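Visitor:
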Amino acid sequence: MHPMLNIAIRAARKAGNHIAKSLENADKIESTLKGNNDFVTNVDKEAESLIIETIKASYPEHSVVAEESGLQEGKDSDVQWIIDPLDGTNNFVKGIPHFSVSIAVRMKGRTEVACVYDPMTNELFTATRGAGAQLNNSRIRVKQAKDLQGAIIATGFPFKQKQHSESYFKVMSSMFTEVADFRRQGSAALDLCYLAAGRVDGFFELGLKPWDIAAGDLIAREAGAIITDFSGRTEYMKSGNIVASSPRGVKAMLKHVRENANEGMLK
Ligand code: IPD
Ligand code: CA
Ligand code: CA
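Each residue of the sequence shown is one higher than the last, beginning at 244 in the working numbering.
#1: At a cut-off of 7 Å, is ALA290 close to ligand 2 when judged by its beta-carbon and the heavy atoms of the ligand?
#2: Take every Cβ of the region 311–329, pair it with every Cβ of the region 410–419, and state whether three or more of those distances are shorter than 8 Å.
#3: Just jot down, in chain order, the residues whose CB lies closer than 5 Å to any heavy atom of ligand 2.
#4: In the DSSP assignment, the alpha helix (DSSP H) including PRO246 goes from what residue to what residue?
#5: I need the boundaries of the alpha helix (DSSP H) containing ASP460, first residue and last residue.
#6: Once the 5 residues before and after VAL356 are set aside, which same chain residues still bring their CB inside 8 Å of it?
#7: Kindly list the residues whose CB is nearer than 7 Å to the CB of LEU276, restricted to its own chain and excluding five residues on each side of it in sequence; keep chain order.
#8: Whole angstroms is fine: what's the gap from LEU391's alpha carbon to GLN323's?
#9: Inspect the beta-carbon positions of ARG384 and GLY467 and report whether they are closer than 8 Å.
#10: Is the Cβ-Cβ distance between VAL286 and ILE298 less than 8 Å?
#11: With burial defined as no fewer than 16 other Cβ atoms inside 10 Å of the residue's Cβ, what is the status of SER408: buried or exposed?
#12: Would you list, in sequence order, the uninterrupted beta strand (DSSP E) runs of no fewer than 3 residues that lie entirely inside the region 287–335?
#13: Which runs of the alpha helix (DSSP H) spanning at least 4 residues fall entirely within the region 361–432, listed in chain order?
#14: Tell me the DSSP secondary structure of SER274 in three-state form.
#15: Name the DSSP beta bridge partners of CYS436, please?
#16: Around the Cβ of ARG464, are there at least 16 other Cβ atoms within 10 angstroms (buried) or fewer (exposed)?
#17: Which residue's Cα is closest to the Cα of ALA457: GLY352, LYS264, LYS413, GLU304?
#18: In whole angstroms, what is the alpha-carbon distance linking LYS264 and ASN505?
#19: Do you know how far the Cα of ALA439 is from the Cα of ALA376?
#20: If I measure Cβ to Cβ from LYS389 and keep anything under 7 Å in the same chain, skipping five residues before and after, which residues do I get?
#21: Quick one: is LYS510 buried, meaning 16 or more other Cβ sit within 10 Å of its Cβ, or exposed?
#22: Would you check whether ligand 3 has a heavy atom nearer than 7 Å to the C-beta of THR284?
#23: For ASN334, which residues from the same chain have a beta carbon less than 6 Å from its beta carbon, with the 5 sequence-adjacent residues on both sides left out?
#24: Determine the extent of the alpha helix (DSSP H) in which ARG476 is found, giving its start and end residues.
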């Protein structure tokens with residue numbers, strides 16, 4: 244196993260176990276608003292500290308980009324750990340047991356290893372570039388859907404950017420004429436892992452941040468997914484607008500996106 248994946252897994256398990264334990268004492272969860280409909284809790288922050296501590300113990304010189312504490316430039320700026328300590332904070336706050344810890348390592352801008360851990364199901368999704376994706380050490384693969392017939396598509400509503408609602412729901416209702424159904428489960432990192440594991444057939448969302456998707460991106464691609472932005476290019480890490488599925492699935496989803504999203508989203 245790649246030594247950095249080993250550390251990423253150790254960090255994700257520590258953070259995940261802390262999050263799960265904290266859910267048992269729900270009255271001690273303090274939540275504050277940090278942006279539009281955007282909540283953070285003491286548990287997000289504690290989980291993030293545990294992850295950074297674990298990484299720094301083995302790799303003190305690496306750089307870190309973490310959702311709650313931002314960029315910590317290390318001596319080695321070529322290696323960057325991208326961390327979402329709790330993806331699915333809204334679920335966590337409401338006691339809905341669906342959230343994850345997401346950790347990816349990028350070297351010179353390319354993601355090399357990734358892990359997403361769901362502490363409630365004890366499911367660990369991992370990937371190393373060029374070596375496939377695994378769920379609890381067993382190989383996973385994307386379902387090779389030919390079109391959207393019968394497809395279940397995961398998505399997320401733009402609840403932090405409601406100015407995009409109109410475009411978003413146009414895309415969704417156009418896609419709904421063709422797919423079987425949608426799932427809005429509340430953790431973009433797990434949405435990409437569920438695509439990787441063949442549990443859903445596609446995923447799209449807009450305005451995501453690098454820490455939401457860095458790990459899930461490698462896991463889904465190593466499982467055979469194609470991932471693009473809303474115009475079919477590969478700039479989704481910058482725009483946060485993402486479409487992911489089998490090669491044919493992406494083509495079919497992009498048709499609805501291109502016909503219905505506003506111009507700004509298609510740039
Ligand atoms: C959120 C989740 C959610 C997605 C949001 C993200 P957070 O992350 O991934 O599924 O719809 O866009 O911001 O805030 O819970 O870490
Ligand atoms: Ca997130
Ligand atoms: Ca988060």
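Virtual Cβ for every residue (Gly too), placed ideally from N, Cα, C. What you are looking at is a predicted structure, and each value in this text was computed from that prediction instead of being measured.
Guide: Inspection of the coordinates gives the following:
#1: Relative to ligand 2, even the nearest heavy atom lies 7 Å or more away from the CB of ALA290.
#2: The region 410–419 and the region 311–329 do not touch, with fewer than three beta-carbon pairs separated by less than 8 Å.
#3: Any residue whose Cβ sits closer than 5 Å to a heavy atom of ligand 2 makes the list: ASP327, ASP330, ASP455.
#4: Note, PRO246: alpha helix (DSSP H), 246–267.
#5: First-last of the alpha helix (DSSP H) with ASP460: 453–465.
#6: HIS245, MET247, LEU248, ALA251, ALA347, VAL348, THR369, ALA370, THR371, ARG372, LEU461.
#7: Once the five neighbours on either side are set aside, the close Cβ partners of LEU276 are PHE282.
#8: For LEU391 and GLN323, the distance between alpha carbons rounds to 36 Å.
#9: Cβ distance < 8 Å, so ARG384 and GLY467 count as in contact.
#10: In this structure, ILE298 does not lie closer than 8 Å to VAL286 by Cβ.
#11: Around the beta carbon of SER408, fewer than 16 other beta carbons sit within 10 angstroms, so the residue counts as exposed.
#12: Within the region 287–335, the complete beta strand (DSSP E) segments of 3 residues or longer fall at 305–309, 313–315, 319–330, listed in chain order.
#13: Segments of the alpha helix (DSSP H) lying fully in the region 361–432: 408–419.
#14: Under the three-state reduction of DSSP, SER274 is assigned to strand.
#15: Its beta-bridge partners do not exist; DSSP assigns none.
#16: Buried, by the Cβ-count rule.
#17: With distances taken between Cα atoms, ALA457 lies closest to GLY352.
#18: In this structure, the CA atom of LYS264 is about 43 Å from the CA atom of ASN505.
#19: Near 8 Å, if we compare the C-alpha coordinates of ALA439 and ALA376.
#20: Result list for LYS389: ARG491, in chain order.
#21: Flag for LYS510 reads exposed.
#22: No, Cβ of THR284 sits at least 7 Å from all heavy atoms of ligand 3.
#23: HIS341, PHE342, GLY429.
#24: Where ARG476 is concerned, there is no enclosing alpha helix (DSSP H), given that its DSSP letter is neither H nor E.
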